[in-house]
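Peer 1: Going line by line, the protein sequences match chains A and B. One point on numbering: in my numbering, the residue at position 11 of the first sequence is 11, and numbering is uninterrupted. One point on numbering: in my numbering, the residue at position 18 of the second sequence is 18, and numbering is uninterrupted. So that we are looking at the same thing, I have put the structure below in structure tokens.
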Amino acid sequence: MKMEDMPLSGPDNTKLEALVNDIYSELVEDACLGLCFEVHRAVKQGYFFLDETDQESMKEFEIVDQPGVDIFGQVYNQWKNKECECPNCKRLIAASRFAPHLEKCLGMGRNSSRIANRRLASNNNMSKSESDQEDNDDLNDNDWSYGAEKRAKKRKSDKSQTSPRRSKTLKHKNGELGSGISADPYKYNYNAGINYEMLGPDEVQSFLTTQCGVISEHTKKMCTRSQRCPQHTDEQRMAVRVFLLGPSAPVLPEADSVAVPESFDIPDGQALMSRLQWEDSPEISPSDSASSKASTNHSDSRRPKKKKPRPSLGLNSGGGIGSLSGGGGGGSSQSNISLSTKKKKPKLTAPSISSIYDDLN
Amino acid sequence: MSKDYQMKAAINQKLIEMGERERLKELLRAKLVESGWKDQLKAHCKDVIREKGLEHVTVEDLVTEVTPKGRALVPDSVKKELLQRIRAFLAQHAAL
């Protein structure tokens, strides 16, 4: 009984095949027998014909195989076109939109409060900006109609952001909208950011004294973080202030290291400092003295440029220069002190500074 | 030939011992149910029972009526796969 004696090749192949077939048929017969036992038992136990009750109900629940209809014969979106009356606002709403509408209408649900808050914030911004724009003609005359564009764009994006259908429009635009929606949780705070077009000059100034204010490239809004926000550099902050408040009028309330004067974008800022300092020493000594002729000459030559005496301006300018020099660092603190003790103020030889104070006053 | 018979018996024994026969059986059953063979045959059974009368049906009746039809109704793909598996088993374990 050695199987090794049976070489499986040539004529024995048929034997092998016959063997395989035999095994196969045995298996199939086993399966059939199993089924027969199962059926026979069902018959004898009486549950074989249970699923066939009567012809009528069999016809009723017959499987339907028509297009446009499921196997029960029901139409798929039958209830889509029905309209329901909202108990709150008494409007007729489409059935598929009914649930989200109720959520917003009744003011319950996660999204509705968020949208309401956002709307309130933007309304406040709008009403505030409208009242202030009459104050300053300069802002109104701004030829660069970016603000109008921005406002229209913002409204459109607002509308598209709150609707749950927004994902459909995203399929076409890969760029901004996609990134905008993906950053939506962050953008919610971002939307509360300020657009400089909407603020009057006073507000801009006050805003810039407390906040970073750097205008973002993407949204054209001012950064609402603190003066030390890590996203923007001091240079950017100075540039924004120059842009918004006119040149050489930065009001940076920071008293930093000596490195800061370099960040001033005022072209003649440092020259101004040096000029003031240079002027100080000859002025501390009484200008009547003939010893410093050159300086008096110099000061004389400079005086006629500024003929209008501005005593009231003196304090302002002192304060202004003080703040300037305060930003300028400790080096010019001497000039600060010496200037403030001075009584003759119209020594402001830099015409640019006078123009600033014109604007401020 | 008795050699064949012996060989057959030996192979059968090996099949059972290694559990391969059970596996093959389960595989066949699953495939038959999946292909709808079982439902077809059940319907045929119903006809036979109605013919013979509910009370008087015996197992033998069913077997004689159903088995040949069952054998014929097995789908080709199922048959081929099973033959393939048996052949593979033999090749592996029949000590060529």
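Cβ atoms here follow ideal geometry from the backbone N, Cα and C, with glycine treated the same way. Keep in mind the model is a prediction, meaning the values are calculated, not measured.
Run through DSSP, which three-state label would Q205 (chain A) get?
Peer 2: Sequence index remark: in the first sequence, residue 205 (chain A) carries index 205 (1-based). Of the three classes helix, strand and coil, the one that applies to Q205 (chain A) here is helix, per DSSP.
Peer 1: Along chain B, in chain order, which residues have C-beta atoms closer than 8 Å to that of D22 (chain A)?
Peer 2: For the purposes of this step, residue 22 (chain A) is identified with residue 22 of the first sequence, where counting begins at 1. Listed along the chain, the chain B residues whose CB falls inside 8 Å of the CB of D22 (chain A) are K8.
Peer 1: Closest to N124 (chain A) by CA distance: which of A:L199, A:I71, A:K221 and A:R91 is it?
Peer 2: Position 124 of the first sequence holds residue 124 (chain A). When only C-alpha atoms are compared, the closest one is A:L199.
Peer 1: Hey, quick one: how far does the beta strand (DSSP E) through E83 (chain A) stretch, first residue to last?
Peer 2: Working through the first sequence from its first residue, we reach residue 83 (chain A) at position 83. From DSSP, the beta strand (DSSP E) with E83 (chain A) extends over E83 to E85.
Peer 1: Would you call D234 (chain A) buried or exposed, if buried means 16 or more other Cβ atoms sit within 10 Å of its Cβ?
Peer 2: Taking the first sequence and counting its residues from 1, one reaches residue 234 (chain A) at position 234. It is buried - the Cβ of D234 (chain A) has at least 16 other Cβ atoms within 10 Å.
Peer 1: Using a beta-carbon distance below 9 Å, is I49 (chain B) in contact with chain A?
Peer 2: In the second sequence, the residue the question calls residue 49 (chain B) occupies position 49. I49 (chain B) counts as touching chain A.
Peer 1: In whole angstroms, give me the CA-to-CA distance for A94 (chain B) and E26 (chain B).
Peer 2: If you number the second sequence from 1, residue 94 (chain B) lands on position 94. If you number the second sequence from 1, residue 26 (chain B) lands on position 26. Their Cα atoms are separated by approximately 22 Å.
Peer 1: Against chain D, with Cβ distances strictly below 9 Å, would E62 (chain A) count as a contact?
Peer 2: Of the chains in the structure shown, none is chain D; the protein chains are A and B.
Peer 1: Per DSSP, what kind of secondary structure is D76 (chain B) in: helix, strand or coil?
Peer 2: Locating residue 76 (chain B) in the second sequence gives position 76, where the first residue counts as 1. Of the three classes helix, strand and coil, the one that applies to D76 (chain B) here is helix, per DSSP.
Peer 1: Could you check whether T64 (chain B) and E29 (chain A) sit closer than 9 Å to each other, using their CB atoms as the reference points?
Peer 2: If you number the first sequence from 1, residue 29 (chain A) lands on position 29. If you number the second sequence from 1, residue 64 (chain B) lands on position 64. No; because the gap between Cβ atoms is not below 9 Å, this pair is not in contact.
Peer 1: Which residues mark the beginning and the end of the beta strand (DSSP E) in which L54 (chain B) is found?
Peer 2: For this step, residue 54 (chain B) is matched to residue 54 along the second sequence. Counting along the chain, L54 (chain B) falls outside any beta strand (DSSP E), and DSSP gives it neither H nor E.
Peer 1: Just verifying my parser: in three-state terms, what is the DSSP assignment at Q45 (chain A)?
Peer 2: Your numbering for residue 45 (chain A) matches position 45 in the first sequence. Q45 (chain A) falls in the helix class under three-state DSSP.
Peer 1: So for A94 (chain A), helix, strand or coil by DSSP?
Peer 2: Here residue 94 (chain A) refers to the residue found at position 94 when the first sequence is read from its first residue. Here A94 (chain A) sits in strand by DSSP.
Peer 1: So what's I71 (chain A) in DSSP terms, helix, strand or just coil?
Peer 2: Indexing the first sequence from 1 puts residue 71 (chain A) at position 71. DSSP places I71 (chain A) outside both helix and strand once states are collapsed to three, so it counts as coil.
Peer 1: Comparing C-alpha positions only, which one of B:L41, B:Y5, B:E55 and B:K38 sits nearest to V43 (chain A)?
Peer 2: Residue mapping note: residue 43 (chain A) aligns to position 43 of the first sequence, counting from 1. Of B:L41, B:Y5, B:E55 and B:K38, the residue nearest in Cα terms is B:E55.
Peer 1: Contact criterion: CB-CB distance below 9 Å. Does D4 (chain B) meet it with respect to chain A?
Peer 2: Locating residue 4 (chain B) in the second sequence gives position 4, where the first residue counts as 1. So, interface residue.
Peer 1: From R98 (chain B) to H44 (chain B), what distance separates their C-alpha atoms?
Peer 2: Outside the shown range of chain B, which is 1 to 96, sits residue 98 (chain B), and nothing can be said about it.
Peer 1: Which chain B residues are close to C86 (chain A), counting only those with a beta carbon under 8 Å from its beta carbon?
Peer 2: Counting from one through the first sequence, the residue named residue 86 (chain A) turns up at place 86. Under the 8 Å cutoff, chain B gives no residues; its nearest Cβ is about 50 Å from C86 (chain A).
Peer 1: Answer with yes or no whether the minimum CB distance from G36 (chain B) to chain A is below 9 Å.
Peer 2: In the second sequence, counting from the first residue as 1, residue 36 (chain B) sits at position 36. Output row for G36 (chain B): interface = no.
Peer 1: Could you tell me whether the Cβ atoms of V20 (chain A) and I86 (chain B) are closer together than 9 Å?
Peer 2: Position 20 of the first sequence, counting from 1, holds the residue named residue 20 (chain A). Position 86 of the second sequence, counting from 1, holds the residue named residue 86 (chain B). In this structure, I86 (chain B) lies closer than 9 Å to V20 (chain A) by Cβ.
Peer 1: In this structure, how does DSSP classify Q6 (chain B) when only helix, strand and coil are distinguished?
Peer 2: Residue numbering aside, residue 6 (chain B) sits at position 6 when the second sequence is read from its first letter. If DSSP states are grouped into helix, strand and coil, Q6 (chain B) belongs with the helices.
Peer 1: By the three-class DSSP mapping on this structure, what secondary structure does I11 (chain B) have?
Peer 2: Position 11 of the second sequence holds residue 11 (chain B). Three-state DSSP puts I11 (chain B) in a helix.
Peer 1: According to a CB-to-CB cut-off of less than 8 Å, which residues of the segment 30 to 41 of chain A neighbour chain B?
Peer 2: Within the segment 30 to 41 of chain A, the residues whose Cβ lies closer than 8 Å to some Cβ of chain B are D30, A31, C32, L33, G34, L35, C36, F37, V39 and H40, listed in chain order.
Peer 1: In whole angstroms, give me the CA-to-CA distance for K31 (chain B) and K46 (chain B).
Peer 2: Start at 1 with the first residue of the second sequence, and residue 31 (chain B) comes out as number 31. Start at 1 with the first residue of the second sequence, and residue 46 (chain B) comes out as number 46. Going from the Cα of K31 (chain B) to the Cα of K46 (chain B) covers about 22 Å.
Peer 1: Relative to the alpha-carbon of K15 (chain A), which residue among B:R21, B:E22 and B:Y5 has its alpha-carbon at the smallest distance?
Peer 2: Walking along the first sequence from the start, residue 15 (chain A) turns up at place 15. Selected option, being the one with the closest Cα: B:Y5.
Peer 1: Would you list the one or two residues that DSSP bridges to S226 (chain A)?
Peer 2: Numbered from 1 along the first sequence, position 226 holds the residue referred to as residue 226 (chain A). Per DSSP, A:Q211.
Peer 1: Tell me which residues share the same chain as L315 (chain A) and place their Cβ nearer than 7 Å to its Cβ, disregarding the 5 neighbours each side in the sequence.
Peer 2: As a position in the first sequence, residue 315 (chain A) is number 315, starting the count at 1. Residue placement at L315 (chain A) is flagged as unreliable, the pLDDT there being 45, under the threshold of 50; the coordinate-derived value follows with that caveat. Counting only Cβ-Cβ distances below 7 Å, and skipping sequence neighbours, we find nothing.
Peer 1: Please classify M108 (chain A): is it buried, with 16 or more other beta-carbons within 10 angstroms of its beta-carbon, or exposed?
Peer 2: Against the first sequence, residue 108 (chain A) aligns to sequence position 108. Classification of M108 (chain A): exposed, given that the 10 Å Cβ count is below 16.
Peer 1: Using the beta-carbon of each residue, which ones in chain A are nearer than 8 Å to K25 (chain B)?
Peer 2: One-based indexing of the second sequence puts residue 25 (chain B) at position 25. Under the 8 Å cutoff, chain A gives L27, D30 and A31.
Peer 1: Buried or exposed, going by whether 16 or more other CB atoms sit within 10 Å of the CB of A18 (chain A)?
Peer 2: Counted from its first residue, the first sequence places residue 18 (chain A) at position 18. Classification for A18 (chain A): exposed.
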